[in-house]
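What follows is a single structure, written as structure tokens, with notes after it.
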Ligand code: TXA
Ligand code: MG
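Residue numbers (the numbering used here): 435 to 780.
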């Protein structure tokens, strides 16, 4: 993983707690665990009944694939039909870390993990508690275990970046290992290598430029364009949404909404650069949050902020649009999806 990440100051999880979690996984139960990106809702990847429990808990359609998480000594070859040279290069460069690879699934791996598709998503997280859990589950199973885990939130909602967020989603129905706040804060970068060319399915902490440096070729976007170029808009689907309506607009287009809110006596949240916000940063009905100017810090804080604002009784969350440049691609993607969830309300 990139050197810009500081190791998380994780609360201590004891060996006994890891063994208790492994016993739950072994018995086909769910365990929520920290990763450097977001918290995952884990189940034994080779147990279709256990994987079905994930879908039931999340309220997620069963044709949505989940990512299989491997421990520090995990062998990707076990899960795939073939491991292309590009996959090995990306594994060497970014594992353990926030990069998921989509590869052709080996015939003996149950299709339930990939929603029936012939592929499988693999990732080896770097968070020490994720590694301890995955390593111990591996040991229990003789060295080849994988934990299927989507983000530990209800379907379509914001991913959790703390153990408390997971409890807020599922109450005490799910066992949670507490590893502190996730350092990356948004879900892993996903690169599809199952179709003969690298394609970026989801932007994240590992950037298209970093991937291009390793592969010698830029990953493609779903529309066929080069993912290291500025992002084309219009392909966003509603997802990752807070409960409070969110608008993502250039500051000039937010101002009429701010004026309207002030006149209507409505409380709103404003996430913008201080230089753009001007006097709106001190207006009584505006809950102003200075936007981090570094994309990775913005990513780390984003989901926690959206959850806090969901609890702050604001009528709307107004977010200043970010630059349409490669370093902002991941934050733009998540904010764009959050806004898309409310576009019909405009
Ligand atoms: O950072 C992350 O990736 C987190 C942590 C827990 O590891 N996990 C995560 O999982 O974000 P989830 O389920 O919320 O998102 C997984 C996404 C799916 O929605 C799908 O887009 C893609 O990964 N995916 C997984 N397996 C796939 C496959 N076989 N083919 C295509 N897409 C796949
Ligand atoms: Mg998710």
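The beta-carbon is built from N, C-alpha and C at its ideal position, and this holds for glycine as well. Values in this document were obtained by computation on a predicted structure and should not be read as measured data.
Which residues bound the beta strand (DSSP E) around residue i?
{"i": "residue 501", "result": "501-503"}
{"i": "residue 497", "result": "No beta strand (DSSP E) holds residue 497; DSSP gives it neither H nor E."}
{"i": "residue 604", "result": "Careful: residue 604 lies outside any beta strand (DSSP E), inside the alpha helix (DSSP H) at 597-604."}
{"i": "residue 691", "result": "Premise fails: residue 691 lies in the alpha helix (DSSP H), 685-697, not in any beta strand (DSSP E)."}
{"i": "residue 770", "result": "Counting along the chain, residue 770 falls outside any beta strand (DSSP E), though it belongs to the alpha helix (DSSP H) covering 763-774."}
Hey, residue i and residue j: beta-carbon distance below 8 angstroms or not?
{"i": "residue 535", "j": "residue 645", "result": "no"}
{"i": "residue 683", "j": "residue 770", "result": "no"}
{"i": "residue 410", "j": "residue 561", "result": "The structure shown does not extend to residue 410, since the chain is modelled only from 435 to 780, so the question has no answer here."}
{"i": "residue 789", "j": "residue 611", "result": "What the structure shows of the chain is the stretch from 435 to 780, and residue 789 is not part of that stretch, so it cannot be assessed."}
{"i": "residue 733", "j": "residue 639", "result": "yes"}
{"i": "residue 574", "j": "residue 509", "result": "no"}
{"i": "residue 539", "j": "residue 558", "result": "no"}
{"i": "residue 452", "j": "residue 570", "result": "yes"}
{"i": "residue 627", "j": "residue 521", "result": "yes"}
{"i": "residue 414", "j": "residue 641", "result": "Because the chain is modelled from 435 through 780, residue 414 falls outside the range shown and cannot be assessed."}
{"i": "residue 743", "j": "residue 678", "result": "yes"}
{"i": "residue 466", "j": "residue 547", "result": "no"}
{"i": "residue 533", "j": "residue 616", "result": "no"}
{"i": "residue 584", "j": "residue 694", "result": "no"}
{"i": "residue 707", "j": "residue 725", "result": "yes"}
{"i": "residue 501", "j": "residue 637", "result": "no"}
{"i": "residue 624", "j": "residue 555", "result": "yes"}
Please classify residue i as buried or exposed, where buried requires at least 16 neighbouring CB atoms within 10 angstroms.
{"i": "residue 659", "result": "exposed"}
{"i": "residue 516", "result": "exposed"}
{"i": "residue 596", "result": "buried"}
{"i": "residue 777", "result": "exposed"}
{"i": "residue 531", "result": "buried"}
{"i": "residue 654", "result": "buried"}
{"i": "residue 591", "result": "buried"}
{"i": "residue 498", "result": "exposed"}
{"i": "residue 666", "result": "Residue placement at residue 666 is flagged as unreliable, the pLDDT there being 44, under the threshold of 50; the coordinate-derived value follows with that caveat. Exposed, because fewer than 16 other Cβ atoms sit within 10 Å of the Cβ of residue 666."}
{"i": "residue 631", "result": "exposed"}
{"i": "residue 647", "result": "exposed"}
{"i": "residue 495", "result": "exposed"}
{"i": "residue 766", "result": "buried"}
{"i": "residue 692", "result": "buried"}
{"i": "residue 511", "result": "exposed"}
{"i": "residue 757", "result": "exposed"}
{"i": "residue 716", "result": "exposed"}
{"i": "residue 507", "result": "exposed"}
{"i": "residue 580", "result": "buried"}
{"i": "residue 526", "result": "exposed"}
{"i": "residue 461", "result": "exposed"}
{"i": "residue 670", "result": "Residue confidence for residue 670 is low, a pLDDT of 44 falling below 50, so the modelled location carries little weight and cannot support an answer."}
{"i": "residue 572", "result": "buried"}
Give me whichever residues DSSP pairs with residue i in a beta bridge.
{"i": "residue 538", "result": "553"}
{"i": "residue 721", "result": "703"}
{"i": "residue 638", "result": "Residue 638 is not bridged to any residue."}
{"i": "residue 577", "result": "Answer is none; residue 577 lacks a bridge partner."}
{"i": "residue 623", "result": "533"}
{"i": "residue 609", "result": "465"}
{"i": "residue 682", "result": "753"}
{"i": "residue 654", "result": "633, 660"}
{"i": "residue 478", "result": "581"}
{"i": "residue 675", "result": "591"}
{"i": "residue 514", "result": "539"}
Measuring CA to CA, which of the options is closest to residue i?
{"i": "residue 698", "options": "604, 565, 719, 561", "result": "719"}
{"i": "residue 674", "options": "514, 477, 772, 612", "result": "772"}
{"i": "residue 619", "options": "456, 450, 472", "result": "472"}
{"i": "residue 603", "options": "741, 763, 572, 456", "result": "741"}
{"i": "residue 468", "options": "495, 728, 624, 601", "result": "601"}
{"i": "residue 482", "options": "450, 537, 542", "result": "542"}
{"i": "residue 477", "options": "568, 518, 537, 445", "result": "568"}
{"i": "residue 676", "options": "593, 764, 556", "result": "593"}
{"i": "residue 700", "options": "724, 588, 751, 731", "result": "751"}
{"i": "residue 728", "options": "736, 461, 749", "result": "736"}
{"i": "residue 650", "options": "712, 745, 519, 657", "result": "519"}
{"i": "residue 566", "options": "608, 513, 582, 505", "result": "505"}
{"i": "residue 759", "options": "463, 589, 643, 731", "result": "643"}
{"i": "residue 455", "options": "745, 609, 723, 710", "result": "609"}
{"i": "residue 485", "options": "582, 730, 635", "result": "582"}
Could you please give the first and the last residue of the uninterrupted alpha helix (DSSP H) stretch that includes residue i?
{"i": "residue 738", "result": "729-744"}
{"i": "residue 660", "result": "Premise fails: residue 660 is in no alpha helix (DSSP H) and is neither H nor E."}
{"i": "residue 521", "result": "519-528"}
{"i": "residue 449", "result": "449-460"}
{"i": "residue 711", "result": "708-711"}
Determine, for residue i, whether the minimum Cβ-Cβ distance to residues of chain D falls below 8 angstroms.
{"i": "residue 696", "result": "No chain D appears in this structure, which consists of one protein chain only."}
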